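Protein sequence lines correspond, in order, to chains H and X.
Start counting at 1 in the first sequence, then tack on 693, and there's your number in the working numbering.
Start counting at 1 in the second sequence, then tack on 32, and there's your number in the working numbering.
Ideal Cβ placement from N, Cα and C applies to all residues, glycine included.
Predicted model, so just to flag it, every value in this text is computed and none were measured.
Written below as structure tokens is the structure these notes are about.
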Amino acid sequence: EPEVTQTPSHQVTQMGQEVILRCVPISNHLYFYWYRQILGQKVEFLVSFYNNEISEKSEIFDDQFSVERPDGSNFTLKIRSTKLEDSAMYFCASSGSGGAHEQYFGPGTRLTVT
Amino acid sequence: AQSVSQHNHHVILSEAASLELGCNYSYGGTVNLFWYVQYPGQHLQLLLKYFSGDPLVKGIKGFEAEFIKSKFSFNLRKPSVQWSDTAEYFCAGPQAAGNKLTFGGGTRVLVKP
């Protein structure tokens with residue numbers, strides 16, 4: 694069964710550094726998402742991406758965040774200057790179409806900012 | 033805006049006991065609801081989904097959920113749990129105007145052997 698993959702599984706970085714989290718969505722999917730879960734808190738939506746542009750973003754997704762689909766397979770989340778509060782599990786998801794269709798989640802990248 | 037809430041944060045029960053996890057939503061438009069499960073060390077997996085039609089939805093691993101519009105609820109049930117059902121369970125729904133999922137706070141379920 695096709696699945697969403699994410700790398701790395703765990704990233705440790707120092708405050709102020711840039712990180713890039715990588716995702717490979719399911720190959721025929723068209724919609725891509727990033728969510729995050731701070732330890733002990735809810736899973737929160739960050740951004741959705743369709744047709745090579747952001748379709749929706751949350752308040753969390755400020756100027757330090759960006760997303761890109763650099764080629765036909767990867768979908769990346771960049772955090773330009775990490776803060777301690779960016780420490781969280783970041784989940785990538787993809788879906789075949791928008792609206793009421795299930796999103797398939799990757800295993801997550803645990804980001805630790807020290 | 034749609035919100036989703038789960039009232040039980042932690043549930044502990046023994047094998048063969050019945051499980052019911054509460055989920056309430058607030059939204060006046062078309063409702064699409066999901067239950068996801070996250071087993072220890074694994075990613076979020078879809079248990080079941082409701083879009084329309086029969087309000088009693090059956091999912092994988094013996095789980096079912098009932099959509100009750102008058103109560104704004106979408107509770108998850110399993111008549112007899114197993115130790116392997118130990119996991120965190122998340123109720124979620126999409127915004128009508130976009131595709132993002134809004135998650136409830138999650139319920140950690142521990143099934144004692």
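**OP:** Within the region 710–780 of chain H, note down every full beta strand (DSSP E) run reaching 3 residues or more, in order along the chain.
**Re:** List check, beta strand (DSSP E) in window: 712–717, 724–730, 736–743, 746–750, 758–761 and 768–772.
Original post:
Between H703/H, V712/H and E696/H, which lies nearest to S759/H when the distance is taken from Cα to Cα?
Top reply: To locate residue 759/H, count along the first sequence from 1; it is residue 66. When only C-alpha atoms are compared, the closest one is V712/H.
**OP:** With 8 Å as the threshold, decide whether the Cβ of Q74/X is near any Cβ in chain H.
**Re:** Within the second sequence, the letter at position 42 stands for residue 74/X. Judged by the 8 Å Cβ criterion, Q74/X is in contact with chain H.
Subject >> Rounded straight-line distance, which links the Cα of S46/X to that of T775/H >> reply: Numbered from its first residue, the first sequence carries residue 775/H at position 82. Numbered from its first residue, the second sequence carries residue 46/X at position 14. Straight-line Cα distance between these residues: approximately 43 Å.
Original post:
Can you tell which of G801/H, R715/H, V806/H and G765/H has its C-alpha closest to the C-alpha of K771/H?
Top reply: Looking up residue 771/H in the first sequence gives position 78. Of all alpha-carbon atoms in G801/H, R715/H, V806/H and G765/H, the one lying nearest the alpha-carbon of K771/H is that of R715/H.
Subject >> Proximity to E52/X [Cα-Cα], best of P111/X, G94/X, L142/X and S84/X >> reply: Translated into positions along the second sequence, residue 52/X becomes position 20. The shortest Cα separation from E52/X among P111/X, G94/X, L142/X and S84/X belongs to P111/X.
Original post:
Using 8 Å as the limit for Cβ to Cβ distance, is G61/X near chain H?
Top reply: Along the second sequence, one-based indexing puts residue 61/X at 29. Not an interface residue.
**OP:** May I ask which residues mark the beginning and end of the beta strand (DSSP E) holding A97/X?
**Re:** Reading the second sequence from its first residue, position 65 is the one you call residue 97/X. Counting along the chain, the unbroken beta strand (DSSP E) around A97/X starts and ends at E96 to I100.
**OP:** Measuring alpha carbon to alpha carbon, tell me which of R762/H, V740/H, N767/H and D764/H ends up nearest D756/H.
**Re:** As a position in the first sequence, residue 756/H is number 63, starting the count at 1. For the residues R762/H, V740/H, N767/H and D764/H, the minimum Cα distance to D756/H belongs to V740/H.
Original post:
What is the DSSP secondary structure of K93/X, counted as helix, strand or coil?
Top reply: Walking along the second sequence from the start, residue 93/X turns up at place 61. Looking at K93/X - three-state DSSP - the assignment turns out to be helix.
Original post:
Hey, does F104/X have any beta-carbon neighbour from chain H nearer than 8 Å?
Top reply: Against the second sequence, residue 104/X aligns to sequence position 72. No, no contact with chain H.
Original post:
When the Cα atoms are used, what is the spatial distance from A129/X to H794/H?
Top reply: Residue numbering aside, residue 129/X sits at position 97 when the second sequence is read from its first letter. Residue numbering aside, residue 794/H sits at position 101 when the first sequence is read from its first letter. Low local confidence applies: a pLDDT of 49 at A129/X is under 50, so the model's placement there is unreliable, with the coordinate-based value given in what follows. Those two C-alpha atoms are separated by around 14 Å.
Subject >> Residue burial classification, K144/X (beta-carbon count within 10 angstroms, cutoff 16) >> reply: As a first step, residue 144/X must be located in the second sequence, where it is residue number 112. Classification for K144/X: exposed.
Original post:
Which word fits E737/H, buried or exposed, when buried means at least 16 other C-beta atoms lie within 10 angstroms of its C-beta?
Top reply: The residue given as residue 737/H occupies position 44 in the first sequence. Counting every other CB atom within 10 Å of its CB across the protein chains shown gives E737/H a total of 16 or more, marking it as buried.
Original post:
What is the rounded straight-line gap between the Cα of F106/X and the Cα of T62/X?
Top reply: One-based indexing of the second sequence puts residue 106/X at position 74. One-based indexing of the second sequence puts residue 62/X at position 30. Approximately 14 Å between the Cα atoms of the pair.
Subject >> contact_flag[the region 66–73 of chain X, the region 116–124 of chain X] where n(CB pairs < 8 Å) is 3 or more >> reply: Yes: the two stretches touch, three or more of their Cβ pairs being nearer than 8 Å.
**OP:** Write down the C-beta distance between G125/X and V36/X rounded to the nearest angstrom, noting that I regard them as a contact closer than 8 Å.
**Re:** For the purposes of this step, residue 125/X is taken as residue 93 along the second sequence, with counting starting at 1. For the purposes of this step, residue 36/X is taken as residue 4 along the second sequence, with counting starting at 1. At roughly 5 Å, the Cβ-Cβ gap stays under 8 Å, so G125/X and V36/X are in contact.
**OP:** Take Y743/H as the anchor and find which of L723/H, S780/H, Y797/H and G765/H has the nearest alpha-carbon.
**Re:** Within the first sequence, numbered from 1, the residue matching residue 743/H stands at position 50. The candidate whose alpha carbon is nearest that of Y743/H is L723/H.
Original post:
Roughly how many whole angstroms lie between the Cα atoms of L804/H and G138/X?
Top reply: As a first step, residue 804/H is located in the first sequence; it is residue number 111 there, counting from the start. As a first step, residue 138/X is located in the second sequence; it is residue number 106 there, counting from the start. C-alpha separation (whole angstroms): 21 Å.
**OP:** Run down chain H in chain order and give the residues with a C-beta less than 8 Å from the C-beta of G138/X.
**Re:** Translated into positions along the second sequence, residue 138/X becomes position 106. The contacting residues are K735 and V736.
Original post:
Hey, is E795/H's beta-carbon within less than 8 Å of any beta-carbon in chain X?
Top reply: For the purposes of this step, residue 795/H is taken as residue 102 along the first sequence, with counting starting at 1. Taking Cβ atoms only, chain X reaches closer than 8 Å to E795/H, which makes this a yes.
Original post:
Beta carbon of R803/H: closer than 7 Å to some heavy atom of the ligand FMN?
Top reply: Among the components of this structure there are no ligands whatsoever, and the ligand FMN is therefore not found.
Original post:
Mind pulling the chain X residues with CB within less than 9 Å of E694/H?
Top reply: Walking along the first sequence from the start, residue 694/H turns up at place 1. Within chain X, no residue comes near E694/H; the closest Cβ sits about 11 Å away, beyond 9 Å.
Original post:
Once you ignore the five residues that flank F83/X on each side, which residues in its own chain have a CB closer than 6 Å to its CB?
Top reply: Along the second sequence, read from residue 1 onward, the residue named residue 83/X stands at position 51. Setting aside the 5 residues that flank it on each side, F83/X is surrounded in the same chain by N64, each with a C-beta closer than 6 Å to its C-beta; the list follows chain order.
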